[in-house]
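Each position in the sequence shown, counted from 1, maps to that position plus 43 in this note's numbering. Beta carbons: idealized from backbone N, C-alpha and C, even for Gly.
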Amino acid sequence: MGKFRKPEQPISGTYRAAEPIIMGFLKATTRPEWIDGQKIPATGGVILALNHVSHIDPLTAARLTWDWGRQSHYLAKSTLFKNKQFGRFMRAAGQIPVERASGGIEALREAIDSVNAGNLIVVYVEGSITKDPAGWPMVGKSGAARIALETGAPVIPVGQWGAQYLLNGYEKKFRPIPRKRVRMKVGDPVDLSDLAAQPRNRQLLDVATDRIMRAIVGLVADLRGEEPPAELFDPRKAGVRDTGNPDRSAHGEGSV
């Protein structure tokens, strides 16, 4: 599958250097299906808000945005930057480290600056791979809503399904054969215009985050051909720690 749209904004040399490796791996292990990818804006700051099902998700999202002419920037857990060489590479590619202990405040500021500079930021709104027993998206964190309300940039919801069959989220079982069908459906921008001028408080952020998550859930339901749960899974109410159960490894592209 080749690129559907040529980039209208500059792509960093580091990102271009990594592209053949990432795309080669995905071509060997996945059969991608992008639905309505043209809804991703070709230029300007944008928040791409996705559900999270696998450790492989950042790679499949990179393929989606690459095919539609955009470089993706991520909020990535800070441990990935500990190695000097890899950390330098991540920074050069425009990725943003999240210190979970600090609540991701500095990363949030960097993400806002990046969006204001015209970049596309990928946010896994749940903050970690879903812990919903049936794989549905769980309750979201407020990072995407905060970035959107501070920048005025559009929030583009994306539902995805299938990457978990390549690399399971918590068991970490890698199954490259046969190639796995990975589907992503891009939705219309989430309307937050009525919230933009209101005071920033927890209630406002909860409303904005719920709208984003509901848009994502609707797209996932379309991909699965199933009715979604009436209430999103909340790991706190279920007694599941944010780092997972003892048999589940910690993961997160940030806690913002």
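In whole angstroms, what separates the C-alpha of residue i from that of residue j?
i: S292; j: I99; result: Any reading at S292 is ruled out, since the residue's pLDDT is 29, under 50, leaving its predicted position unreliable.
i: S97; j: R218; result: 12 Å
i: I65; j: P232; result: 28 Å
i: T57; j: D253; result: 35 Å
i: G295; j: A240; result: Because G295 sits at a pLDDT of 38, beneath the cut-off of 50, its placement in the model cannot be relied upon, and the point is left open.
i: I155; j: H116; result: 12 Å
i: S55; j: N162; result: 12 Å
i: E51; j: V283; result: 43 Å
i: K216; j: L209; result: 8 Å
i: G205; j: G80; result: 17 Å
i: A196; j: E270; result: 30 Å
i: N211; j: I190; result: 29 Å
i: I78; j: S185; result: 26 Å
i: Q246; j: K127; result: 40 Å
i: P278; j: P272; result: 15 Å
i: R59; j: P101; result: 16 Å
i: T173; j: P242; result: 30 Å
Report buried or exposed for residue i, applying the criterion of at least 16 other Cβ atoms within 10 angstroms of its Cβ.
i: F47; result: exposed
i: E274; result: exposed
i: P53; result: exposed
i: S236; result: exposed
i: I148; result: exposed
i: D234; result: exposed
i: N244; result: exposed
i: D175; result: buried
i: E214; result: exposed
i: A150; result: buried
i: G183; result: buried
I'd like to know whether the C-beta atoms of residue i and residue j end up nearer to each other than 8 Å.
i: M181; j: E169; result: yes
i: V263; j: P75; result: no
i: I164; j: S171; result: no
i: T73; j: K223; result: yes
i: G178; j: Q203; result: no
i: A85; j: G67; result: no
i: I259; j: N94; result: yes
i: N159; j: G261; result: no
i: V250; j: L266; result: no
Measure the beta-carbon distance from residue i to residue j and round it to whole angstroms, keeping in mind my assumption that it falls under 8 Å.
i: A187; j: V201; result: Not quite, the Cβ-Cβ distance comes to about 11 Å (not below 8 Å), so this is no contact.
i: V229; j: K82; result: 4 Å
i: M256; j: L107; result: Going by Cβ atoms, the distance from M256 to L107 rounds to 19 Å, so no, they are not a contact pair.
i: A61; j: V198; result: Actually they do not touch by this definition, with Cβ atoms about 26 Å apart.
Quiz item: What residue ranges within the stretch 203-271 form continuous beta strand (DSSP E) runs of no fewer than 3 residues, ordered along the chain?
Solution: If you keep only unbroken beta strand (DSSP E) runs of at least 3 residues inside the stretch 203-271, you get 223-229.
Practice problem: Could you pull out every unbroken beta strand (DSSP E) segment of at least 3 residues lying fully inside the stretch 59-103, listed in chain order? | Solution: DSSP assignment within the stretch 59-103 yields the following whole beta strand (DSSP E) runs of 3 residues or more, N-terminal first: 73-78, 89-93.
Exercise. Scan the stretch 149-189 and note each continuous beta strand (DSSP E) run of 3 residues or more that stays entirely inside, going in chain order.
Key: 163-167
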